[in-house]
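Engineer: Counting from 4, one number per residue, gives the positions in the sequence shown under the working numbering.
We put the beta carbon where it would ideally sit given N, CA and C, even for glycine.
None of these values were measured; they are calculated from a predicted model.
One structure, pasted below without further comment.
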Amino acid sequence: MTSPEPLVEIWRGALLECVHQGHAVICDDTGQIVKAWGDPAAVIYPRSSCKMIQGLPLLSSGAADKYGLNSEHLALACASHNGAAIHTERVRKWLDQLGLDDDALRCGPQEPGDRPAFEAMIRAGEQPCQVHNNCSGKHTGFLTVTAHMAAGPDYHEIDHPVQQAVLNAFEDVTGSDIAGYGIDGCSAPNFATTVHGLARAMAWFASARRRSDRQSAAAVQLTRAMLAHPELVAGEGRSCTALMRAMKGKVAVKTGADGVFTGILPELGLGIALKITDGATRASECAITAILAGLGAISARDPVARTYCNAPVVNRRGMTVGEIRPAGPLTRPI
(Lines of atoms letter the chains of each structure in order from A; the text may use other names.)
(Lines give C-alpha, C1' and ligand atoms only; values in the text may rest on other atoms or scores of the structure.)
Protein backbone atom coordinates (compact mmCIF):
# COMPACT_ATOMS: atom_id res chain seq x y z
CA MET A 4 0.00 0.00 0.00
CA THR A 5 1.25 3.49 -0.87
CA SER A 6 1.31 5.96 2.00
CA PRO A 7 -0.51 9.29 1.87
CA GLU A 8 1.59 12.13 0.51
CA PRO A 9 2.05 15.62 1.92
CA LEU A 10 -0.43 17.73 -0.07
CA VAL A 11 -0.80 20.97 1.91
CA GLU A 12 1.56 22.96 4.14
CA ILE A 13 0.74 25.61 6.72
CA TRP A 14 3.53 28.11 7.27
CA ARG A 15 3.71 30.62 10.11
CA GLY A 16 6.53 33.05 9.55
CA ALA A 17 9.58 31.06 8.45
CA LEU A 18 8.46 27.86 10.16
CA LEU A 19 6.56 24.98 8.57
CA GLU A 20 3.95 24.59 11.29
CA CYS A 21 1.66 21.90 9.90
CA VAL A 22 1.53 19.37 7.06
CA HIS A 23 -1.69 17.79 5.78
CA GLN A 24 -1.30 14.46 4.00
CA GLY A 25 -3.72 12.78 1.67
CA HIS A 26 -4.60 10.88 -1.47
CA ALA A 27 -5.78 12.34 -4.78
CA VAL A 28 -6.56 10.97 -8.23
CA ILE A 29 -7.34 12.45 -11.63
CA CYS A 30 -9.14 10.03 -13.96
CA ASP A 31 -9.91 10.21 -17.67
CA ASP A 32 -13.12 9.18 -19.39
CA THR A 33 -11.92 5.57 -19.73
CA GLY A 34 -11.46 5.29 -15.98
CA GLN A 35 -7.69 5.30 -16.25
CA ILE A 36 -5.56 7.28 -13.82
CA VAL A 37 -4.01 10.39 -15.37
CA LYS A 38 -2.25 11.48 -12.20
CA ALA A 39 -2.23 10.27 -8.62
CA TRP A 40 -0.83 11.32 -5.27
CA GLY A 41 -0.71 8.94 -2.33
CA ASP A 42 -2.63 5.68 -2.68
CA PRO A 43 -5.37 5.47 -5.37
CA ALA A 44 -6.57 2.25 -3.73
CA ALA A 45 -7.17 3.90 -0.34
CA VAL A 46 -10.75 3.17 0.75
CA ILE A 47 -12.70 6.21 1.92
CA TYR A 48 -16.19 7.42 2.65
CA PRO A 49 -16.99 10.05 0.00
CA ARG A 50 -19.38 11.77 2.38
CA SER A 51 -21.23 14.64 0.69
CA SER A 52 -18.82 14.81 -2.24
CA CYS A 53 -20.87 12.08 -3.95
CA LYS A 54 -24.33 13.62 -3.72
CA MET A 55 -24.59 13.78 -7.50
CA ILE A 56 -24.28 9.98 -7.52
CA GLN A 57 -26.98 9.70 -4.87
CA GLY A 58 -29.12 11.92 -7.09
CA LEU A 59 -28.99 9.66 -10.15
CA PRO A 60 -32.11 7.58 -9.26
CA LEU A 61 -34.11 10.80 -8.96
CA LEU A 62 -33.80 11.14 -12.74
CA SER A 63 -33.22 7.62 -14.01
CA SER A 64 -36.32 6.34 -12.18
CA GLY A 65 -38.55 8.89 -13.90
CA ALA A 66 -39.41 10.58 -10.59
CA ALA A 67 -38.03 13.98 -11.61
CA ASP A 68 -40.13 14.04 -14.78
CA LYS A 69 -43.24 12.82 -12.95
CA TYR A 70 -43.06 15.65 -10.42
CA GLY A 71 -41.90 18.32 -12.87
CA LEU A 72 -38.58 19.05 -11.20
CA ASN A 73 -36.37 21.77 -12.65
CA SER A 74 -32.65 22.53 -12.46
CA GLU A 75 -33.02 24.24 -9.08
CA HIS A 76 -34.48 21.06 -7.58
CA LEU A 77 -31.62 19.03 -9.06
CA ALA A 78 -28.98 21.44 -7.72
CA LEU A 79 -30.52 21.15 -4.25
CA ALA A 80 -30.48 17.36 -4.55
CA CYS A 81 -26.68 17.65 -4.94
CA ALA A 82 -26.29 20.33 -2.27
CA SER A 83 -24.69 20.71 1.12
CA HIS A 84 -26.38 24.05 1.57
CA ASN A 85 -26.07 26.79 4.17
CA GLY A 86 -29.69 26.75 5.28
CA ALA A 87 -30.20 30.25 3.89
CA ALA A 88 -33.65 31.41 2.81
CA ILE A 89 -32.88 30.63 -0.85
CA HIS A 90 -32.35 27.02 0.21
CA THR A 91 -35.02 26.41 2.83
CA GLU A 92 -37.82 28.19 0.96
CA ARG A 93 -37.21 26.02 -2.10
CA VAL A 94 -37.03 22.82 -0.06
CA ARG A 95 -40.30 23.68 1.70
CA LYS A 96 -42.03 24.31 -1.64
CA TRP A 97 -40.68 21.03 -2.96
CA LEU A 98 -42.05 19.18 0.07
CA ASP A 99 -45.40 20.93 -0.42
CA GLN A 100 -45.40 19.73 -4.01
CA LEU A 101 -45.08 16.17 -2.70
CA GLY A 102 -47.83 16.73 -0.13
CA LEU A 103 -45.30 16.35 2.68
CA ASP A 104 -43.81 18.47 5.46
CA ASP A 105 -40.68 18.65 7.60
CA ASP A 106 -41.67 15.52 9.54
CA ALA A 107 -41.24 13.37 6.43
CA LEU A 108 -37.51 14.09 6.33
CA ARG A 109 -35.05 11.76 8.05
CA CYS A 110 -31.96 14.00 8.03
CA GLY A 111 -32.44 15.60 11.46
CA PRO A 112 -32.49 19.31 12.40
CA GLN A 113 -29.40 21.48 12.02
CA GLU A 114 -28.63 25.08 12.85
CA PRO A 115 -28.31 27.03 9.59
CA GLY A 116 -24.78 27.82 8.51
CA ASP A 117 -26.06 31.05 6.96
CA ARG A 118 -25.52 33.75 9.60
CA PRO A 119 -28.51 35.98 8.67
CA ALA A 120 -30.82 32.96 8.77
CA PHE A 121 -29.38 31.79 12.09
CA GLU A 122 -29.65 35.25 13.69
CA ALA A 123 -33.23 35.66 12.44
CA MET A 124 -34.08 32.30 14.00
CA ILE A 125 -32.62 33.38 17.35
CA ARG A 126 -34.51 36.70 17.29
CA ALA A 127 -37.75 34.88 16.54
CA GLY A 128 -37.16 32.33 19.30
CA GLU A 129 -37.38 29.50 16.77
CA GLN A 130 -35.64 26.14 16.68
CA PRO A 131 -33.98 24.72 13.58
CA CYS A 132 -36.00 22.27 11.53
CA GLN A 133 -34.91 19.46 9.25
CA VAL A 134 -35.23 21.72 6.20
CA HIS A 135 -32.30 23.70 7.63
CA ASN A 136 -30.14 20.58 7.47
CA ASN A 137 -27.49 20.99 4.77
CA CYS A 138 -28.67 17.68 3.26
CA SER A 139 -32.40 18.50 3.13
CA GLY A 140 -32.35 18.87 -0.66
CA LYS A 141 -30.82 15.42 -1.09
CA HIS A 142 -33.37 13.97 1.31
CA THR A 143 -36.27 15.64 -0.47
CA GLY A 144 -34.90 14.04 -3.62
CA PHE A 145 -35.01 10.69 -1.83
CA LEU A 146 -38.61 11.40 -0.81
CA THR A 147 -39.48 12.16 -4.43
CA VAL A 148 -38.14 8.79 -5.54
CA THR A 149 -39.94 7.17 -2.60
CA ALA A 150 -43.25 8.69 -3.71
CA HIS A 151 -42.63 7.61 -7.30
CA MET A 152 -41.94 4.04 -6.13
CA ALA A 153 -44.84 4.08 -3.65
CA ALA A 154 -42.33 2.78 -1.11
CA GLY A 155 -42.27 3.07 2.68
CA PRO A 156 -41.39 6.28 4.54
CA ASP A 157 -38.02 5.21 5.96
CA TYR A 158 -36.12 5.91 2.77
CA HIS A 159 -32.83 6.26 4.66
CA GLU A 160 -32.63 2.58 5.60
CA ILE A 161 -30.09 0.49 3.70
CA ASP A 162 -32.68 -2.08 2.55
CA HIS A 163 -35.13 0.55 1.28
CA PRO A 164 -35.66 0.54 -2.51
CA VAL A 165 -34.30 4.11 -2.76
CA GLN A 166 -30.98 3.23 -1.11
CA GLN A 167 -30.73 0.04 -3.13
CA ALA A 168 -31.13 2.16 -6.28
CA VAL A 169 -28.37 4.47 -5.00
CA LEU A 170 -26.18 1.45 -4.28
CA ASN A 171 -26.64 0.12 -7.82
CA ALA A 172 -25.83 3.53 -9.29
CA PHE A 173 -22.79 3.86 -7.04
CA GLU A 174 -21.35 0.53 -8.15
CA ASP A 175 -22.06 1.33 -11.80
CA VAL A 176 -20.24 4.66 -11.86
CA THR A 177 -17.31 3.73 -9.62
CA GLY A 178 -16.78 0.53 -11.59
CA SER A 179 -16.47 -1.68 -8.53
CA ASP A 180 -18.37 -3.26 -5.69
CA ILE A 181 -18.73 -1.04 -2.65
CA ALA A 182 -16.39 -1.63 0.28
CA GLY A 183 -19.16 -1.48 2.87
CA TYR A 184 -21.06 1.53 4.13
CA GLY A 185 -21.33 3.86 7.09
CA ILE A 186 -24.13 6.13 8.25
CA ASP A 187 -23.58 9.75 7.32
CA GLY A 188 -24.34 12.79 9.46
CA CYS A 189 -27.75 13.02 7.78
CA SER A 190 -28.57 9.35 8.60
CA ALA A 191 -28.34 8.12 4.99
CA PRO A 192 -25.94 5.31 4.04
CA ASN A 193 -22.59 6.48 2.67
CA PHE A 194 -20.96 3.84 0.51
CA ALA A 195 -17.21 3.34 0.80
CA THR A 196 -15.04 3.22 -2.30
CA THR A 197 -11.47 3.84 -3.31
CA VAL A 198 -10.18 7.28 -4.20
CA HIS A 199 -9.68 5.90 -7.72
CA GLY A 200 -13.28 4.67 -7.82
CA LEU A 201 -14.58 8.07 -6.77
CA ALA A 202 -12.43 9.85 -9.37
CA ARG A 203 -13.61 7.36 -11.99
CA ALA A 204 -17.21 8.24 -11.09
CA MET A 205 -16.49 11.94 -11.52
CA ALA A 206 -14.89 11.28 -14.92
CA TRP A 207 -17.97 9.25 -15.84
CA PHE A 208 -20.07 12.32 -15.03
CA ALA A 209 -17.66 14.53 -16.99
CA SER A 210 -18.00 12.40 -20.11
CA ALA A 211 -21.72 11.64 -19.76
CA ARG A 212 -22.78 13.97 -22.59
CA ARG A 213 -20.90 11.69 -25.03
CA ARG A 214 -23.27 8.80 -24.22
CA SER A 215 -26.98 8.29 -24.77
CA ASP A 216 -28.09 5.87 -22.04
CA ARG A 217 -30.61 6.91 -19.39
CA GLN A 218 -28.14 7.02 -16.51
CA SER A 219 -25.73 9.21 -18.47
CA ALA A 220 -28.55 11.58 -19.41
CA ALA A 221 -29.30 11.87 -15.70
CA ALA A 222 -25.64 12.69 -15.01
CA VAL A 223 -25.67 15.44 -17.62
CA GLN A 224 -28.74 17.06 -16.05
CA LEU A 225 -27.31 16.92 -12.53
CA THR A 226 -23.97 18.36 -13.59
CA ARG A 227 -25.62 21.16 -15.55
CA ALA A 228 -27.83 21.96 -12.56
CA MET A 229 -24.81 22.28 -10.28
CA LEU A 230 -23.07 24.54 -12.79
CA ALA A 231 -26.18 26.68 -13.32
CA HIS A 232 -26.90 27.17 -9.59
CA PRO A 233 -23.65 27.22 -7.58
CA GLU A 234 -25.39 29.30 -4.92
CA LEU A 235 -27.80 26.43 -4.25
CA VAL A 236 -25.11 23.76 -4.10
CA ALA A 237 -23.46 25.45 -1.10
CA GLY A 238 -23.99 29.15 -0.47
CA GLU A 239 -22.30 32.47 0.10
CA GLY A 240 -18.85 32.22 1.62
CA ARG A 241 -18.48 28.56 0.66
CA SER A 242 -15.70 27.16 -1.49
CA CYS A 243 -17.92 25.08 -3.80
CA THR A 244 -19.99 28.12 -4.75
CA ALA A 245 -17.02 30.46 -5.06
CA LEU A 246 -14.90 28.09 -7.15
CA MET A 247 -17.73 27.19 -9.54
CA ARG A 248 -18.52 30.85 -10.07
CA ALA A 249 -14.86 31.64 -10.71
CA MET A 250 -14.63 28.83 -13.27
CA LYS A 251 -17.66 30.31 -15.07
CA GLY A 252 -19.81 27.22 -15.25
CA LYS A 253 -17.14 24.96 -16.76
CA VAL A 254 -16.29 22.79 -13.74
CA ALA A 255 -18.49 21.34 -11.00
CA VAL A 256 -16.91 20.77 -7.59
CA LYS A 257 -18.32 19.30 -4.41
CA THR A 258 -16.95 19.12 -0.91
CA GLY A 259 -17.54 16.39 1.61
CA ALA A 260 -17.00 16.20 5.34
CA ASP A 261 -13.66 15.10 6.77
CA GLY A 262 -11.43 16.32 3.99
CA VAL A 263 -13.02 14.98 0.80
CA PHE A 264 -13.42 16.93 -2.45
CA THR A 265 -14.49 15.97 -5.98
CA GLY A 266 -14.40 17.72 -9.35
CA ILE A 267 -16.15 17.17 -12.69
CA LEU A 268 -14.49 18.72 -15.77
CA PRO A 269 -16.76 18.10 -18.80
CA GLU A 270 -14.59 19.97 -21.32
CA LEU A 271 -11.57 17.82 -20.48
CA GLY A 272 -13.50 14.62 -19.72
CA LEU A 273 -11.69 14.37 -16.39
CA GLY A 274 -12.74 13.59 -12.84
CA ILE A 275 -10.97 14.45 -9.58
CA ALA A 276 -11.24 12.92 -6.13
CA LEU A 277 -9.16 13.65 -3.06
CA LYS A 278 -9.09 12.83 0.61
CA ILE A 279 -7.08 14.63 3.28
CA THR A 280 -6.36 11.96 5.86
CA ASP A 281 -6.71 14.20 8.92
CA GLY A 282 -10.05 15.50 7.65
CA ALA A 283 -9.06 19.19 7.47
CA THR A 284 -11.31 21.28 5.26
CA ARG A 285 -8.70 24.03 4.82
CA ALA A 286 -6.41 21.40 3.31
CA SER A 287 -9.00 19.83 0.98
CA GLU A 288 -9.94 23.29 -0.30
CA CYS A 289 -6.30 24.13 -0.95
CA ALA A 290 -5.60 20.78 -2.63
CA ILE A 291 -8.61 20.85 -4.97
CA THR A 292 -7.77 24.43 -5.97
CA ALA A 293 -4.15 23.50 -6.67
CA ILE A 294 -5.22 20.57 -8.85
CA LEU A 295 -7.75 22.68 -10.74
CA ALA A 296 -5.09 25.32 -11.33
CA GLY A 297 -2.68 22.65 -12.50
CA LEU A 298 -5.24 21.52 -15.06
CA GLY A 299 -5.83 25.08 -16.26
CA ALA A 300 -9.41 25.19 -14.99
CA ILE A 301 -8.68 28.27 -12.88
CA SER A 302 -5.73 30.64 -12.73
CA ALA A 303 -3.60 30.28 -9.63
CA ARG A 304 -3.65 34.10 -9.53
CA ASP A 305 -7.44 34.31 -9.53
CA PRO A 306 -8.61 36.05 -6.32
CA VAL A 307 -10.92 33.14 -5.55
CA ALA A 308 -8.11 30.62 -6.01
CA ARG A 309 -5.93 32.74 -3.72
CA THR A 310 -8.63 32.48 -1.05
CA TYR A 311 -7.90 28.77 -0.68
CA CYS A 312 -4.49 28.09 -2.22
CA ASN A 313 -1.36 30.11 -1.47
CA ALA A 314 -3.71 31.90 0.87
CA PRO A 315 -2.65 34.14 3.74
CA VAL A 316 -3.08 33.08 7.33
CA VAL A 317 -4.54 36.18 8.99
CA ASN A 318 -4.74 36.73 12.73
CA ARG A 319 -7.52 38.47 14.65
CA ARG A 320 -5.92 41.89 14.18
CA GLY A 321 -5.87 41.44 10.41
CA MET A 322 -2.15 40.78 10.24
CA THR A 323 -0.83 38.27 7.70
CA VAL A 324 1.20 35.83 9.76
CA GLY A 325 1.57 32.84 7.47
CA GLU A 326 0.35 31.00 4.40
CA ILE A 327 -1.67 27.93 3.36
CA ARG A 328 -0.02 26.44 0.29
CA PRO A 329 0.25 23.21 -1.68
CA ALA A 330 3.07 20.91 -0.67
CA GLY A 331 5.81 19.79 -3.05
CA PRO A 332 3.93 16.97 -4.84
CA LEU A 333 1.08 19.32 -5.79
CA THR A 334 3.41 22.03 -7.07
CA ARG A 335 4.82 19.88 -9.87
CA PRO A 336 3.29 19.97 -13.38
CA ILE A 337 0.29 17.73 -13.99
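Quick check on DSSP: helix, strand or coil for P192?
Structural biologist: For the purposes of this step, residue 192 is taken as the residue at position 189 of the sequence shown. P192: strand per DSSP, three-state reduction.
Engineer: Using three-state DSSP, classify T197 as helix, strand or coil.
Structural biologist: Reading the sequence shown from its first residue, position 194 is the one you call residue 197. Looking at T197 - three-state DSSP - the assignment turns out to be strand.
Engineer: Which first and last residues belong to the beta strand (DSSP E) in which T258 is found?
Structural biologist: For the purposes of this step, residue 258 is taken as the residue at position 255 of the sequence shown. Segment A255 to G259, the beta strand (DSSP E) holding T258.
Engineer: Measuring CB to CB, does M205 end up less than 8 Å from G272?
Structural biologist: If you number the sequence shown from 1, residue 205 lands on position 202. If you number the sequence shown from 1, residue 272 lands on position 269. No, these two residues do not count as a Cβ contact at 8 Å.
Engineer: Take M299 as the anchor and find which of T197, E270, H151 and T149 has the nearest alpha-carbon.
Structural biologist: For the purposes of this step, residue 299 is taken as residue 296 along the sequence shown, with counting starting at 1. According to the sequence shown, residue 299 is Gly rather than Met. For G299, the nearest C-alpha among the options comes from E270.
Engineer: Look up E75 in the DSSP assignment and say whether it is helix, strand or coil.
Structural biologist: The count along the sequence shown starts at 1 and reaches residue 75 at position 72. Residue state, collapsed to three classes: helix.
Engineer: Return the bridge partner residues of T323 from the DSSP annotation.
Structural biologist: Taking the first residue of the sequence shown as position 1, residue 323 is located at position 320. Paired residue(s): V317.
Engineer: Who are the near neighbours of H159 in its chain, counting only those whose CB is closer than 6 Å to its CB and skipping five residues on each side?
Structural biologist: Stepping through the sequence shown from its first residue, residue 159 is reached at position 156. These residues qualify, in order along the chain: R109, S190 and A191.
Engineer: Is P9 helix, strand or coil by DSSP?
Structural biologist: Translated into the one-based positions of the sequence shown, residue 9 becomes position 6. Looking at P9 - three-state DSSP - the assignment turns out to be strand.
Engineer: Hey, quick one: how far does the beta strand (DSSP E) through Q24 stretch, first residue to last?
Structural biologist: Working through the sequence shown from its first residue, we reach residue 24 at position 21. It spans L18 to C30 - the beta strand (DSSP E) in which Q24 sits, taken as one unbroken run.
Engineer: Would you mind reading off the limits of the beta strand (DSSP E) that contains L61?
Structural biologist: Start at 1 with the first residue of the sequence shown, and residue 61 comes out as number 58. No beta strand (DSSP E) holds L61; the alpha helix (DSSP H) holding it covers L59 to S63.
Engineer: Since L295 is in the beta strand (DSSP E), which residue starts that stretch and which ends it?
Structural biologist: The residue you call residue 295 lines up with position 292 of the sequence shown. Run containing L295: none in the beta strand (DSSP E); it sits in the alpha helix (DSSP H), T284 to G297.
Engineer: Rank N85, T196, L101 and A245 by C-alpha distance to the C-alpha of A45 and give the top, closest one.
Structural biologist: Reading the sequence shown from its first residue, position 42 is the one you call residue 45. Checked all of N85, T196, L101 and A245; the closest Cα to A45 is T196.
Engineer: In chain order, what residues of the same chain have a beta carbon less than 6 Å from the beta carbon of D106, not counting five sequence neighbours either side?
Structural biologist: Within the sequence shown, the letter at position 103 stands for residue 106. Nothing meets the Cβ criterion.
Engineer: According to DSSP, is R203 part of a helix, a strand, or is it coil?
Structural biologist: Against the sequence shown, residue 203 aligns to sequence position 200. The answer is helix: DSSP assigns R203 an H, G or I state.
Engineer: Going by DSSP, what residues sit across from G262 in a beta bridge?
Structural biologist: On the sequence shown, position 259 is the one that residue 262 refers to. In DSSP, G262 forms no bridge with anything.
Engineer: May I ask which residues mark the beginning and end of the alpha helix (DSSP H) holding L225?
Structural biologist: Taking the sequence shown and counting its residues from 1, one reaches residue 225 at position 222. Counting along the chain, the alpha helix (DSSP H) containing L225 begins and ends at R217 to A231.
Engineer: Roughly how many whole angstroms lie between the Cα atoms of A249 and N318?
Structural biologist: Your numbering for residue 249 matches position 246 in the sequence shown. Your numbering for residue 318 matches position 315 in the sequence shown. Whole-angstrom Cα-Cα distance: 26 Å.
Engineer: By the DSSP assignment, the beta strand (DSSP E) with K96 in it spans what residues?
Structural biologist: Taking the first residue of the sequence shown as 1, we reach residue 96 at position 93. Premise fails: K96 lies in the alpha helix (DSSP H), A88 to Q100, not in any beta strand (DSSP E).
Engineer: Contact between the region 288-299 and the region 218-227 is defined here as three or more beta-carbon pairs at a separation below 8 Å; is this criterion met?
Structural biologist: Result no; under three Cβ-Cβ pairs closer than 8 Å.
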